[in-house]
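Report on one structure; see the data block that follows.
There are 2 protein chains.
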Amino acid sequence: MVRGVTLTSWVPGADGSGFGLENLPFGVVKREPARTHPAWPAVRIGNFALGLRDLIETGLLDLPPSAFEQPNLNGFLKLGEEAWSGTRDRLIALLGADSPDAALVRPLLVELERLRPVLPVETGDYVDFYASLEHATNLGRLFRPESEPLLSNWRQLPVAYHGRAGSVIVSDTPVRRPLGQQTPADPGGIARFGPEPWLDFELELGFVTGDGPPDGQPISIHDAERHIFGFVLVNDWSARAIQRWEYQPLGPFLGKSFATSLSPWIVPRQALMPARVTPREQQPRPLPYLRAANDWALDISLEVSLIPAGGDESHIVRTNSRGLYWTPIQQLAHATINGAAVRAGDLFASGTISGDEADSYGSLIELTQGGRRALTLRDGTERTFLQDGDTVVMRGRAGSVSLGEVRGRVEPNRPTTSG
Amino acid sequence: MVRGVTLTSWVPGADGSGFGLENLPFGVVKREPARTHPAWPAVRIGNFALGLRDLIETGLLDLPPSAFEQPNLNGFLKLGEEAWSGTRDRLIALLGADSPDAALVRPLLVELERLRPVLPVETGDYVDFYASLEHATNLGRLFRPESEPLLSNWRQLPVAYHGRAGSVIVSDTPVRRPLGQQTPADPGGIARFGPEPWLDFELELGFVTGDGPPDGQPISIHDAERHIFGFVLVNDWSARAIQRWEYQPLGPFLGKSFATSLSPWIVPRQALMPARVTPREQQPRPLPYLRAANDWALDISLEVSLIPAGGDESHIVRTNSRGLYWTPIQQLAHATINGAAVRAGDLFASGTISGDEADSYGSLIELTQGGRRALTLRDGTERTFLQDGDTVVMRGRAGSVSLGEVRGRVEPNRPTTSG
Numbered sequence: 000m001v002r003g004v005t006l007t008s009w010v011p012g013a014d015g016s017g018f019g020l021e022n023l024p025f026g027v028v029k030r031e032p033a034r035t036h037p038a039w040p041a042v043r044i045g046n047f048a049l050g051l052r053d054l055i056e057t058g059l060l061d062l063p064p065s066a067f068e069q070p071n072l073n074g075f076l077k078l079g080e081e082a083w084s085g086t087r088d089r090l091i092a093l094l095g096a097d098s099p100d101a102a103l104v105r106p107l108l109v110e111l112e113r114l115r116p117v118l119p120v121e122t123g124d125y126v127d128f129y130a131s132l133e134h135a136t137n138l139g140r141l142f143r144p145e146s147e148p149l150l151s152n153w154r155q156l157p158v159a160y161h162g163r164a165g166s167v168i169v170s171d172t173p174v175r176r177p178l179g180q181q182t183p184a185d186p187g188g189i190a191r192f193g194p195e196p197w198l199d200f201e202l203e204l205g206f207v208t209g210d211g212p213p214d215g216q217p218i219s220i221h222d223a224e225r226h227i228f229g230f231v232l233v234n235d236w237s238a239r240a241i242q243r244w245e246y247q248p249l250g251p252f253l254g255k256s257f258a259t260s261l262s263p264w265i266v267p268r269q270a271l272m273p274a275r276v277t278p279r280e281q282q283p284r285p286l287p288y289l290r291a292a293n294d295w296a297l298d299i300s301l302e303v304s305l306i307p308a309g310g311d312e313s314h315i316v317r318t319n320s321r322g323l324y325w326t327p328i329q330q331l332a333h334a335t336i337n338g339a340a341v342r343a344g345d346l347f348a349s350g351t352i353s354g355d356e357a358d359s360y361g362s363l364i365e366l367t368q369g370g371r372r373a374l375t376l377r378d379g380t381e382r383t384f385l386q387d388g389d390t391v392v393m394r395g396r397a398g399s400v401s402l403g404e405v406r407g408r409v410e411p412n413r414p415t416t417s418g
Numbered sequence: 000m001v002r003g004v005t006l007t008s009w010v011p012g013a014d015g016s017g018f019g020l021e022n023l024p025f026g027v028v029k030r031e032p033a034r035t036h037p038a039w040p041a042v043r044i045g046n047f048a049l050g051l052r053d054l055i056e057t058g059l060l061d062l063p064p065s066a067f068e069q070p071n072l073n074g075f076l077k078l079g080e081e082a083w084s085g086t087r088d089r090l091i092a093l094l095g096a097d098s099p100d101a102a103l104v105r106p107l108l109v110e111l112e113r114l115r116p117v118l119p120v121e122t123g124d125y126v127d128f129y130a131s132l133e134h135a136t137n138l139g140r141l142f143r144p145e146s147e148p149l150l151s152n153w154r155q156l157p158v159a160y161h162g163r164a165g166s167v168i169v170s171d172t173p174v175r176r177p178l179g180q181q182t183p184a185d186p187g188g189i190a191r192f193g194p195e196p197w198l199d200f201e202l203e204l205g206f207v208t209g210d211g212p213p214d215g216q217p218i219s220i221h222d223a224e225r226h227i228f229g230f231v232l233v234n235d236w237s238a239r240a241i242q243r244w245e246y247q248p249l250g251p252f253l254g255k256s257f258a259t260s261l262s263p264w265i266v267p268r269q270a271l272m273p274a275r276v277t278p279r280e281q282q283p284r285p286l287p288y289l290r291a292a293n294d295w296a297l298d299i300s301l302e303v304s305l306i307p308a309g310g311d312e313s314h315i316v317r318t319n320s321r322g323l324y325w326t327p328i329q330q331l332a333h334a335t336i337n338g339a340a341v342r343a344g345d346l347f348a349s350g351t352i353s354g355d356e357a358d359s360y361g362s363l364i365e366l367t368q369g370g371r372r373a374l375t376l377r378d379g380t381e382r383t384f385l386q387d388g389d390t391v392v393m394r395g396r397a398g399s400v401s402l403g404e405v406r407g408r409v410e411p412n413r414p415t416t417s418g
């Protein structure tokens, strides 16, 4: 256990960088030019990547080669908690200030500026929750103004739906504005069609799992933690006009399925132990399968910036994941209570993280009250929703542990022959 | 092209079996005992499986070995339409009555009774539509009795949601009755919890795709057909009490995510050419991206049987996929209009297929009017929803082409420590 201990590394610049010895996130990288090089799994230390295949091949890390044979972390995730924990301990030993192996490891470090991160996992299934009370209330008010914003099931179960796994992309992948049907101008009329006018982001925290129990049994909440490998920042891009027209009665589909961006470095659950806090109170008390004596939320400061094309960065959101109503282990226990299988590489995201202050809402639809109150950016321009060329950057930090960032630029929709 | 031509095979029993030369479905099989043998891709002819790796290795089929290296059809699906079509033509030549290679192929045939089918594809994403007008109307009436059964978007877009890809299973895999929260007895009270009391099936027709366009452009409806490899029968098992409590506002989640069963043999799209019929009229006329001059529905007779534990088979549903409102190519064009990527092995299912006669509804909730009118089975017992030990069998046939069957038995829910 490394909780609360200050750790120092021999790697130049690592200490205090947010990616020091207490973090050691996992990702997958390619050398630039990325098209001609294969991708390889790595651990990040400061501004370096350390190839995990190299460590195995040189005998510095004792894991089966299958752990990192693929250009993603799925093989490693399949190995489960003991392997994750043992690997982390070994990496801390190799990279710590008093490592006897520094001379062997140093030549294996590659500067991040020579690399491009790719998607760290092949996502089998992507579940998106709706775990923020403030977000669910805000959205209910905007989408169903005539009724109670929070439906009667919301406080009893972590509402969720399945997103599109094939649309999960890594940070820095551009996002094309989606085309689609939108609510007709006249009620009962023909739907409008065109590029989404109300393109939005959603600030979320996600976690990536190992395999669930082999027998198709639910993951008990008392056992859920050990299935969680680590956490990423998630931007669940949302097309509000498409969503509004399509989402009843079966939920969001094309309004969400065009892109979901992940931060490239998965921060191990163990690195976030010091960020654990008591979750907020739940009323009514959840059913027994959602109760754990030592449940935890994560105290991660989160922010969102918007950078117009050629412009300066404006900080538009400051919030924290500690305020989420439903916790990660409740999410996992709920998602499997019906026997649904969980596979290594599965992604579970929190849903938009909103607080109760005006600048703590994790989406533009909330920040602008459904587009009625524009934000003024540093360059003097206004935004209700995203414009072509805008870059959205989300960052997260828990004390000395950085979650890095997830970034994406909006590209215009090119005309197609099919519209 | 083989349309309308009667084809005869030298394989004993193939002609007239539903799996003759005009069908040639693809699947993946294992020798029994299945645990100790690897799975291999095969084509079915009559009651035999012909290993596709064997055909490549013996030089009888000219495809890259990557086509069938994996224990699923994904490698083959990646090759795209020309390879699918060329392979089909070659198989027809090898297995036809005047094949010069019959003596070489004959030793490669393995009787199906010595094999067990496994899941034919690794599903990247599973999209479930809601394409039957009658089903959507029936369900709207049952779930929202106080309002119009068909929402205003339904006739303008093929409503859909993402199901859980990791819960897709092959026919004959038992299905455990799921646990979960259900609507409270008192409005505003605490949810009930326990095994699903209203376990149901849904009769659907699914299709499996190759890769979509590499550039993330939508699949044009004029081009959609060539991305469809073939069709399977789908039982989208449904937990109605769980679904009713959870599904608003983000759609079905645990009520569906515990199991979706597929028939093991994927019938190539080309084998179903003779089953093409003009789709039903759509009013209002769909937007241009959903219009094709030669759109088609499939005239496939479908039936569902229920077999109680130790009892006789009762035929409880007779319907046809030709009555579906939204067509396969409309489904694919719609699902990608926002730029969502499609990957080889993706599954698109129609949603429950219901007609307008009382015995043509593709789910128990419709057949029994929400559990109010029990069905009487041949053994004299009654059913509103499924009982433990019940086996559901779905079969499909288009002229001389059989879609085989998808079968599953309901197992009781074993108590867990987490409930």
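Residue numbers (numbering that gives the first Met the number 0), protein chains in the order written: chain E, 0 to 418; chain C, 0 to 418. Backbone N, C-alpha and C define an ideal beta-carbon position, used for all residues, glycine too.
Just tell me which of the options has its CA closest to the CA of residue i.
i      : options                        : result
E:G215 : E:A340, E:A13, E:S349, E:G79   : E:A340
E:L289 : E:P217, E:T375, E:V167         : E:P217
C:F25  : C:L51, C:S8, C:H36, C:P11      : C:L51
C:S131 : C:S84, C:T182, C:P173, C:P278  : C:P278
E:Q242 : E:Q180, E:R43, E:G350          : E:Q180
C:L232 : C:P37, C:M393, C:L20           : C:M393
C:W236 : C:Q247, C:P251, C:W244, C:L90  : C:P251
C:G229 : C:V120, C:A159, C:Q368         : C:V120
C:L156 : E:L249, E:L202, E:V303, E:Q386 : E:L249
Locate the beta strand (DSSP E) running through residue i, then write down its first and last residues.
i      : result
C:N319 : 313 to 319
C:R191 : 191 to 194
E:F228 : 227 to 234
E:S260 : 259 to 261
E:L305 : 300 to 306
E:E110 : 108 to 110
C:E203 : 202 to 208
E:R115 : 114 to 117
C:D127 : 125 to 128
C:L178 : 178 to 181
E:I168 : 167 to 169
E:A420 : With chain E represented from 0 up to 418, any question about residue 420 of chain E goes unanswered, as that position is not in the structure.
C:Y160 : 159 to 162
Residue i lies in the alpha helix (DSSP H); which residues open and close that run?
i      : result
E:V137 : Going by the sequence as given, residue 137 of chain E is Asn instead of Val. Where E:N137 is concerned, the enclosing alpha helix (DSSP H) stretches over 132 to 142.
E:R243 : 239 to 245
E:P327 : 327 to 335
E:L78  : 73 to 78
C:V104 : 101 to 104
C:I55  : 51 to 56
In the DSSP assignment, what are the bridge partners of residue i?
i      : result
C:W39  : C:V28
E:E381 : E:T375
C:S401 : C:R396
C:A92  : None, per the DSSP bridge assignment.
E:H221 : Partner(s): none; E:H221 has no beta bridge.
C:S8   : C:G95
C:G407 : C:V391
Residues of the segment 156 to 185 of chain C whose Cβ lies closer than 7 Å to any Cβ of chain E, in chain order: Close to chain E, meaning a Cβ-Cβ distance shorter than 7 Å, are the following residues of the segment 156 to 185 of chain C: L156, V158, A159, Y160, H161, G162, R163, A164, G165, S166, R175, P177, L178, G179, Q180.
Interface positions of the segment 339 to 359 of chain C facing chain E (Cβ-Cβ less than 8 Å), listed along the chain: Those residues of the segment 339 to 359 of chain C placed with their C-beta closer than 8 Å to a C-beta in chain E are A339, A340, V341, R342, D345, ordered along the chain.
Chain C contacts made by the segment 246 to 266 of chain E, where a contact means CB separation under 7 Å: Taking 7 Å as the Cβ-Cβ cut-off against chain C, the residues of the segment 246 to 266 of chain E that qualify are Q247, P248, L249, G250, P251, F252, L253, S256, F257.
Interface positions of the segment 357 to 379 of chain E facing chain C (Cβ-Cβ less than 7 Å), listed along the chain: Within the segment 357 to 379 of chain E, no residue qualifies.
Under 9 Å (Cβ pairs) to chain E, residues found in the segment 53 to 87 of chain C: Those residues of the segment 53 to 87 of chain C placed with their C-beta closer than 9 Å to a C-beta in chain E do not exist.
Secondary structure, alpha helix (DSSP H): runs of 4+ residues fully inside the segment 332 to 371 of chain E: As far as the segment 332 to 371 of chain E is concerned, its whole alpha helix (DSSP H) runs of at least 4 residues are 363 to 366.
Within 8 Å of chain E by C-beta, residues of the segment 295 to 311 of chain C in sequence order: Cβ contacts with chain E come from no residue of the segment 295 to 311 of chain C.
Chain C contacts made by the segment 205 to 236 of chain E, where a contact means CB separation under 7 Å: Identification of residues in the segment 205 to 236 of chain E having a C-beta nearer than 7 Å to some C-beta of chain C yields G215, Q216, P217, S219, I220, given in sequence order.
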